[in-house]
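Engineer:
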Amino acid sequence: MARKLAAGNWKMNGDLALVDGLATLAGNQSTDAPQIVICPPHTLLAQAAKACENSAVEIGGQDCRAEAKGAYTGDIAASMIAETGATHVIVGHSERRDGHHETNPDIRAKAQAAWAAGLTAILCIGESEAEREGSDTLTIIADQLQASLPDNATAENTVIAYEPIWAIGTGKVPTLAQIIETHDMLRAELTARLGDEGAKITLLYGGSVKPTNAAEIFQAENVNGALVGGASLKPTDFQPIIDALAAS
Ligand code: PEP
Numbered sequence: 001m002a003r004k005l006a007a008g009n010w011k012m013n014g015d016l017a018l019v020d021g022l023a024t025l026a027g028n029q030s031t032d033a034p035q036i037v038i039c040p041p042h043t044l045l046a047q048a049a050k051a052c053e054n055s056a057v058e059i060g061g062q063d064c065r066a067e068a069k070g071a072y073t074g075d076i077a078a079s080m081i082a083e084t085g086a087t088h089v090i091v092g093h094s095e096r097r098d099g100h101h102e103t104n105p106d107i108r109a110k111a112q113a114a115w116a117a118g119l120t121a122i123l124c125i126g127e128s129e130a131e132r133e134g135s136d137t138l139t140i141i142a143d144q145l146q147a148s149l150p151d152n153a154t155a156e157n158t159v160i161a162y163e164p165i166w167a168i169g170t171g172k173v174p175t176l177a178q179i180i181e182t183h184d185m186l187r188a189e190l191t192a193r194l195g196d197e198g199a200k201i202t203l204l205y206g207g208s209v210k211p212t213n214a215a216e217i218f219q220a221e222n223v224n225g226a227l228v229g230g231a232s233l234k235p236t237d238f239q240p241i242i243d244a245l246a247a248s
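Using the working numbering, you'd call the opening residue of the sequence shown number 1 and step up by one each time.
1. Checking 7 Å against the spacing of the C-beta atoms, do Ile38 and Cys64 come in under that value?
2. For a test of the three-state rule: what should DSSP assign to Gln35, helix, strand or coil?
3. Per DSSP, which residues does Asn9 bridge with? Please list them.
4. When we look at the beta-carbon of Ser232 and count the other beta-carbons within 10 Å, is it buried (16 or more) or exposed?
5. Compare the Cα-Cα distances from Ile141 to each of Ala161, Asn157 and Asp151 and report the closest residue.
6. Count the other C-beta atoms from every protein chain shown that fall within 10 angstroms of the C-beta of Gln239, then say buried if there are 16 or more, exposed otherwise.
7. Any heavy atom of the ligand PEP closer than 6 Å to the CB of Asn13?
8. Based on the DSSP secondary-structure assignment, which residues constitute the bridge partners of Ala153?
9. List in chain order: all unbroken beta strand (DSSP E) runs of 3+ residues lying wholly within the region 112-142.
10. I'd like to confirm something about Gly61: is its beta-carbon nearer than 6 Å to some heavy atom of the ligand PEP, or not?
11. Would you say the beta carbon of Asn224 is closer than 6 Å to some non-hydrogen atom of the ligand PEP?
12. Within the same chain, show all residues whose beta-carbon is closer than 7 Å to that of Asn104, passing over the 5 residues directly before and after it, in chain order.
13. Exposed or buried, which one is Asp243 when buried takes at least 16 other CB atoms within 10 Å?
14. Quick check: Ile90 and His42, are their CB atoms within less than 7 Å of each other?
15. For Ala161, write down the residues that DSSP places opposite it in a beta bridge.
16. Please indicate yes or no: does the CB of Leu5 lie closer than 6 Å to some heavy atom of the ligand PEP?
17. Can you list, in chain order, the residues of its chain whose CB lies under 7 Å from that of Leu22, leaving out five sequence neighbours each side?
If you want it as structure tokens, here you go:
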């Protein structure tokens, strides 16, 4: 059985005041809460990890460089993220694939770098609106998974986030039937490739998850949680999503 996870991606948002609120979020969790990971900007990682030390909330980076160190101005190594106390890192978010021209092989290398640093990689895949309209979504996503997920992935070192690009930050959400279709396919692919480990890998849905639609999305058997952007910036929006996941 895959572990439930509510992950928040602050993107290029947040400040020390928002980090202070994490201690309150952590303190509000019951013992049966799902795993919670917040991914703030890199400048806030150390403070966030400190605010959440020994609590129900874990911290993750939003990207890492595949190389361990070197002349890569502005980039961050997975080991640097781990050193802050973070446990996870997002790799292959569509805003990195599109805005920074990251390819599947780049993302595969980043996932391996994350593992080498002891981090769990939250690996994102998803189709564009044009690809969805071309109704080739399942093939495109399966190909992305195949090409960006390294072979020795386990339920411990990897989380997969399916995020249709057209649903990110737009308020548009696939139908429950579409979410079930993609997640069932991803589970079948993971199991075919990785056996028991594939059956246990946490599969997230991401794209305009809100308190109002979370419970419906979590009805899908192979949705084990959510990667949440905008709604993770407000504890009053993120908490009901965590609660809906716990109740699913
Ligand atoms: C995201 O950026 O991963 C995301 C899902 O954003 P939002 O929830 O704002 O659509």
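Note that CB positions come from ideal geometry on N, CA and C, so glycine has one too.
Structural biologist: Looking at the coordinates:
1. no
2. strand
3. Cys39
4. buried
5. Ala161
6. buried
7. no
8. Answer by DSSP bridge pairing: none, since Ala153 is not bridged.
9. 120-125
10. no
11. no
12. Gln144, Ala147 and Ser148
13. buried
14. no
15. Cys124 and Leu204
16. no
17. Ile38, Ala48, Ala51, Cys52 and Val57
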